[in-house]
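Read through the structure below, which is laid out as structure tokens, and then see the notes.
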Amino acid sequence: MPVSQAIEHDAVHEIKRKTVSGALSYMVRTMFLYGIGLVASAVLAAYLSVQDFGIYGVVTQIIGLLTFLSDIGLASALIQKKENPTTTEYRTVFTVQQLLSWLIFAITVGVFVTGAIEPKVGRAGAVVLLALGFSFPLASLKTIPSVILERKLDFSKLVFPQVIEQLVYNGLLIFFAVRGYGVASYTVAVLARSVIGVTVMYAIQGWSFGLALDKRALKEMIGMGVKFQLNDFLARIKDQLFYLVLGLFLPLREFGYISFAKQWSTMPYMLTVQNVIAITFPTYSRLQHDKALLKKAIEKTLFFISLLIFPMLVGMCVLVFPVTHLVTRYQKWQPALLTFGLFTLSIGWGAISTPLTNTLSAIGKINQTLKLMILWTVLTWLLTPVGIYFFGFNGVAVAAMLISFTSVLPIYYVKKIVDIQVLDQVWRQLLAATVMGGVGVALVHPMSSSFIATGLGAILMTLTYGGVLLLVGRRKLWHELQSLRTKKLSDPVAANVPAV
């Protein structure tokens with residue numbers, strides 16, 4: 202192999218090494234994070250009322266909409282930029298985002314002072330909105346250090362501030378919720394998280410801090426980032442704006458059920474898909490010149506995501522029934538179980554489609570992503586009201602389940618560019634999870650008799666998944682695990698380059 206080719210392979214190996222090690226490090230840390238989040242959510246579900254969940258749901262949807270104003274796609278443009286960004290470009294992005302974040306805070310102050318949302322969420326909910334608004338300027342301080350770490354593919358350092366933030370946030374949230382502060386518990390937790398997060402981020406990754414407003418650099422990056430932002434804008438209309446409208450029109454109790462079901466159903470998604478795409482976006486951007494390597498990277502992403510998320514989704518759908526039966530404080534959530542189950546199952550499609558839409562964005566095919574977002578936005582606004590009319594608040598999840606089947610479209614778009622084999626990467630996990638679900642459904646009644654029975658049932662379901670997977674996919678699983686360990690191609694033996 203020529204030395205130049207060996208050097209190119211060496212660069213690819215370095216990208217792969219950082220991606221794999223980063224993914225594993227990222228996953229371990231975020232598993233710890235979501236373990237904390239799971240405990241916090243369990244405590245909040247027990248001590249907060251259904252109405253409290255509804256209030257916080259409305260407030261977070263407002264903040265989600267305002268988030269759109271804080272980022273005009275500049276951070277994504279910096280990450281995707283082929284050349285290393287200059288200090289002026291970093292400072293320009295920082296300056297613009299500071300201006301936008303203070304604008305958002307000013308808007309939340311205006312909403313608070315006028316009392317516009319107090320009739321719906323009360324004074325405590327309005328104070329939470331104000332605290333979330335103040336967190337924007339603090340969060341924007343972390344943008345440039347985060348971009349630098351992502352460009353270096355240094356994901357292990359990137360996730361550390363998040364660990365500290367979540368420890369502080371969830372610890373304070375639990376502390377105040379248990380003491381009966383209700384929705385006001387979020388106020389102190391949000392402010393403390395923001396301050397701690399900035400402090401830790403700058404301790405890990407500093408930069409040449411300063412203000413600048415270079416028109417040429419700004420114009421170039423806005424040109425790169427505008428399509429990312431348009432995509433985000435559609436996502437906000439589809440999610441935050443729509444759910445805000447639901448929160449304003451539905452009774453707080455019903456919106457509380459929806460918020461609870463959505464929050465819990467997305468936990469496996471956040472643990473697996475969300476973490477993986479945070480790593481694969483810069484990685485796919487680096488590999489877009491090599492279709493063969495990109496194909497392998499996408500297929501491995503789909504394989505390992507489905508390996509983890511399918512049993513988690515099925516397990517949650519089954520175990521939620523005995524848990525809400527046995528725990529007295531959770532019995533208030535039983536009316537939300539149908540919504541929870543439908544949301545959870547729809548996440549299965551999202552686990553496949555999200556990495557693929559992320560692929561399209563990473564390799565510069567943002568127009569395809571925009572088409573998909575337009576379709577999903579229109580379907581959400583059209584089908585959900587119909588679902589609510591026929592099924593009440595459960596109709597929101599019914600519509601989400603129906604819309605999730607359009608996730609075959611990202612597969613079609615990506616296959617036109619890279620000949621990925623999606624079915625071969627997921628059918629074994631899907632079969633094993635289906636059998637696991639069948640066993641779980643058969644055991645729902647016995648598991649509802651005691652916590653010990655629930656635990657034993659969960660173990661049996663896990664063993665069923667593992668057993669079926671090994672039966673039909675032992676070689677595939679072993680091959681994929683082994684492929685994560687490769688010799689450096691610049692090694693004389695591995696690259697077949699004569700030692701000098």
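Its first residue numbered 202, the sequence shown is counted upward by one per residue in my numbering.
For each residue, glycine too, the CB sits at the ideal point set by N, CA and C.
Keep in mind the model is a prediction, meaning the values are calculated, not measured.
For residue i, the nearest candidate out of the options (CA to CA)
i, options, result
"F313", "P338, L333, N568, G668", "L333"
"P536", "T558, F461, T570", "F461"
"L249", "L239, G407, Y531, E681", "Y531"
"V396", "V369, A413, A385", "V369"
"G238", "G516, L451, G372, V446", "G372"
"L576", "P286, S605, G593, A552", "S605"
"R394", "T344, Q367, K572", "Q367"
"M662", "I280, V391, V645", "V645"
"Q622", "K497, A307, I305", "K497"
"M402", "D415, R380, L350, Q441", "L350"
"L331", "L342, S341, I305, P320", "I305"
"S242", "S466, K439, D415", "S466"
"L494", "Y470, S547, T560", "T560"
"Y235", "V515, Q475, V528", "Q475"
"L339", "F295, A601, Y470", "F295"
"I405", "M517, M574, P346", "P346"
"I256", "L453, H680, H490, V399", "L453"
"S651", "G593, T545, F522, A598", "F522"
"D253", "R292, I589, K501, V329", "V329"
"L445", "T484, I318, T665", "I318"
"Y291", "A327, V348, V579", "V348"
"T309", "S341, L678, A390, I264", "I264"
"I480", "M232, I438, L359", "L359"
"I478", "R417, G596, T502", "T502"
As assigned by DSSP and simplified to three states, the class of residue i
i, result
"R380", "coil"
"I318", "coil"
"H526", "helix"
"D620", "coil"
"Q683", "helix"
"A340", "helix"
"S205", "Note that S205 has pLDDT 45, beneath the 50 cutoff, so the model's placement of it is unreliable and no number is given."
"I506", "helix"
"G565", "coil"
"H646", "helix"
"T663", "helix"
"S554", "helix"
"E284", "coil"
"A436", "helix"
"G411", "coil"
"T467", "coil"
"P536", "helix"
"L249", "coil"
"L451", "coil"
"L301", "helix"
"S651", "coil"
"K353", "coil"
"V446", "helix"
"P699", "Note that P699 scores a pLDDT of 30, beneath 50, so its modelled location is shaky; the value from the coordinates is reported in the next line. Looking at P699 - three-state DSSP - the assignment turns out to be coil, as it is neither helix nor strand."
Beta carbon proximity, residue i to chain D, threshold 9 angstroms
i, result
"P523", "Of the protein chains in the structure, only one exists, and it is not chain D."
- Task: Check whether the stretch 536 to 555 touches the stretch 453 to 460, taking contact to mean three or more Cβ pairs, one atom from each stretch, closer than 8 angstroms.
- Result: In short, these stretches touch, since the Cβ pair count reaches three.
- Task: Count the C-beta pairs between the stretch 624 to 641 and the stretch 577 to 587 that are closer than 8 angstroms, then say yes if the count reaches three, no if not.
- Result: No: fewer than three Cβ pairs fall under 8 angstroms.
- Item | Minimum length 4: unbroken alpha helix (DSSP H) runs contained in the stretch 355 to 408 | Correct list: 356 to 379, 386 to 405.
- the stretch 651 to 668 / the stretch 594 to 609 touching (three or more Cβ pairs under 8 angstroms): In this structure the stretch 651 to 668 does not touch the stretch 594 to 609; the number of beta carbon pairs closer than 8 angstroms is below three.
- Message: Under 8 angstroms, with one C-beta from each stretch per pair, do the stretch 564 to 571 and the stretch 504 to 519 reach the 3-pair mark?
- Response: Counting C-beta pairs with one atom in each stretch, the stretch 564 to 571 and the stretch 504 to 519 have fewer than three that are closer than 8 angstroms, which means they do not touch.
- Item | Touching by the beta-carbon criterion (3+ pairs, under 8 angstroms), the stretch 297 to 306 and the stretch 352 to 359 | Remark: fewer than three beta-carbon pairs, one from each stretch, lie closer than 8 angstroms, so the stretch 297 to 306 and the stretch 352 to 359 are not flagged as touching.
- Can you list, in chain order, the stretches of the beta strand (DSSP E) that have 3 or more residues and sit fully within the stretch 589 to 637? Given a length threshold of 3 residues, the stretch 589 to 637 has no whole run of the beta strand (DSSP E) inside it.
- Message: Taking 8 angstroms as the cut-off, does the stretch 623 to 635 touch the stretch 663 to 679 (at least 3 CB pairs, one atom from each stretch)?
- Response: The answer is yes - the stretch 623 to 635 touches the stretch 663 to 679, with three or more Cβ pairs under 8 angstroms.
- Item | the stretch 403 to 411 contacting the stretch 375 to 393, beta-carbon criterion three pairs below 8 angstroms | Contact between the stretch 403 to 411 and the stretch 375 to 393 is absent, because fewer than three Cβ pairs lie under 8 angstroms.
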